[in-house]
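The structure appears below as C-alpha cells.
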Amino acid sequence: MLANSPTETIITPAKLIIDPLFASLPLVAILRGINPAEIPDVADVLVDEGFNFLEVPLNSPGALQSIEFLAKRYGRTIYSGAGTVTDLTLLESAIDAGARLIVTPNMNPAVIRRAAQAGCVILPGVLSPTEAFEALAYGASGLKLFPAETLGPAHLKALRAVLPTDVACLPVGGVEASSEQMNQFRQVGANGFGLGSGLYQPSMTLSALKQRARQYRQAWELSQ
54 MLANSPTETI ITPAKLIIDP LFASLPLVAI LRGINPAEIP DVADVLVDEG
104 FNFLEVPLNS PGALQSIEFL AKRYGRTIYS GAGTVTDLTL LESAIDAGAR
154 LIVTPNMNPA VIRRAAQAGC VILPGVLSPT EAFEALAYGA SGLKLFPAET
204 LGPAHLKALR AVLPTDVACL PVGGVEASSE QMNQFRQVGA NGFGLGSGLY
254 QPSMTLSALK QRARQYRQAW ELSQ
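Going by the numbering used here, the sequence shown opens with residue 54, and the numbers climb by one from there.
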C-alpha cells in the first residue's frame, strides 16, 4: 500500500457545516496584502459586522505577525488564520503563530492531514471529484471551490451530485456583493463563500470596508 494512501492516514474531519460560527455567517474574509499595522482596525470592523472567518494569505507582508495578533485578540471566538498555505513549512509557521483556520489553493494531502491533526479548520482548494474525495479522506473540514469565477455554478452542481450533503462547499474567486450571484451558487449547493478583493483591498478606508462588509452580509442574507 502506498505510504500516502488516504486509507492509512484518514482523519475524521471537523464538520464545518454544523459549526455555530459558520452557521452564523459563512463568509471567509480574505485579507490579501494586509500588513500588521492595518490588521487591528480592519479585523475589528469585520468582526463587528458579523464576520467569523478571517484569512491572512501568507504572501501578505508580515503575515505571521498579523495571524499572531488575531489569535491573541480574538482567541476562540472566531476562526482566524492563514491562506495560501502550500507546504508543510508554511503550515507549521502558521500553526505556531496561532492559526485556527488554514486555507490552501490546492489539494496537498500532507498539509490537510497535519492541519486536521492540529485541530484547525482546513479548507483545501479543489476542482474535481477526485480531489474533493481525497481531501475529505485526509481530514478536510470543508472544500474551497477555486477559481469559482471561471468554473461557475454548473461546475459546483456537478460536484454536488456526488459529494456528501454534510460537506461544506465554498466558492472562492470573483464573488460579488450580489444576492443574485450568491443565490445562483446556493441553489446548486454552495454553503458559503470566500471573499477577496471585492471585500478588502490594502489601504482602503475603514468606512469603505465597513460598507462593503455590510453589503456582502446583506447579499448573503437576501440569497437563498
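For each residue, glycine too, the CB sits at the ideal point set by N, CA and C.
As the structure is a computational prediction, the values presented were derived from the model and not from experiment.
Measuring CB to CB, does residue i end up less than 8 Å from residue j?
i              : j                 : result
leucine 275    : serine 232        : yes
alanine 243    : proline 224       : yes
glycine 151    : isoleucine 120    : yes
isoleucine 131 : leucine 107       : yes
valine 241     : leucine 209       : yes
alanine 266    : phenylalanine 75  : no
cysteine 173   : glycine 134       : yes
valine 109     : tyrosine 127      : no
glycine 192    : alanine 169       : yes
leucine 212    : alanine 185       : yes
valine 138     : alanine 147       : yes
glycine 247    : valine 95         : no
proline 158    : phenylalanine 199 : yes
glycine 195    : valine 215        : no
valine 164     : leucine 141       : yes
alanine 188    : methionine 235    : no
proline 79     : glycine 249       : no
Less than 7 Å between C-beta atoms, sequence neighbours within five positions excluded: which residues of the same chain meet that for residue i?
i                 : result
leucine 55        : Because the pLDDT at leucine 55 is just 37, under 50, the model does not fix this residue reliably, and the value given afterwards should be weighed accordingly. Around leucine 55: no qualifying Cβ.
leucine 259       : Asp94 and Val98
threonine 65      : Below a pLDDT of 50, predicted positions are generally treated as unreliable, and threonine 65, at 48, falls in that range; no measurement from the model is reported.
methionine 257    : none
alanine 201       : Pro224, Val225, Gly226, Gly227 and Val228
phenylalanine 238 : Pro206, Leu209 and Pro224
proline 3         : This structure cannot speak to residue 3, because the chain is shown only from 54 to 277.
alanine 171       : Ile148
glutamine 277     : Asn236 and Arg239
leucine 69        : Phe75, Val174, Ser194, Gly195 and Ala221
What are the boundary residues of the beta strand (DSSP E) that includes residue i?
i                 : result
phenylalanine 106 : 106-110
tyrosine 253      : No beta strand (DSSP E) contains tyrosine 253, which DSSP labels as neither H nor E.
alanine 135       : 132-136
glycine 247       : 246-248
For the putative contact between residue i and residue j, defined by C-beta atoms under 8 Å, what is the C-beta separation to the nearest angstrom?
i            : j           : result
lysine 197   : proline 177 : 6 Å
proline 255  : glycine 86  : 4 Å
arginine 129 : leucine 144 : About 20 Å separates the two Cβ atoms, so there is no contact after all.
For residue i, which residues from the same chain have a beta carbon less than 8 Å from its beta carbon, with the 5 sequence-adjacent residues on both sides left out?
i             : result
serine 77     : Gly103 and Asn105
alanine 207   : Val241
glutamate 91  : Pro255 and Ser256
serine 58     : Because serine 58 carries a pLDDT of 44, less than 50, the predicted location of this residue cannot be relied on, and the following value inherits that uncertainty. Within the same chain, serine 58 has no close Cβ partners at all.
isoleucine 71 : Asp219
serine 113    : Leu84, Arg85, Gly86, Ile87, Asn88 and Ser119
isoleucine 63 : Model confidence at isoleucine 63 stands at a pLDDT of 45, short of 50, so the residue's coordinates are unreliable; what they give is reported in the following sentence. Excluding sequence neighbours, isoleucine 63 sits near Ala190, Tyr191 and Gly192.
For residue i, I'd like the list of residues in its chain whose CB is within less than 6 Å of its CB, leaving aside the five on either flank, ordered along the chain.
i             : result
leucine 84    : Val109 and Tyr253
glycine 251   : Glu229
glutamine 268 : Ala230
The alpha helix (DSSP H) that contains residue i, what's its start and end?
i             : result
valine 156    : Not the alpha helix (DSSP H): valine 156 falls in the beta strand (DSSP E), residues 154-156.
leucine 141   : 141-149
glutamine 170 : 162-170
**Request:** Would you list, in sequence order, the uninterrupted beta strand (DSSP E) runs of no fewer than 3 residues that lie entirely inside the region 175-232?
**Result:** Entirely contained in the region 175-232, the beta strand (DSSP E) runs reaching 3 residues are, in chain order, 195-198 and 221-224.
What runs of the beta strand (DSSP E), each 3 residues or longer, lie entirely inside the region 73-120? Within the region 73-120, the runs of beta strand (DSSP E) that reach at least 3 residues and sit entirely inside it are, in chain order, 80-83 and 106-110.
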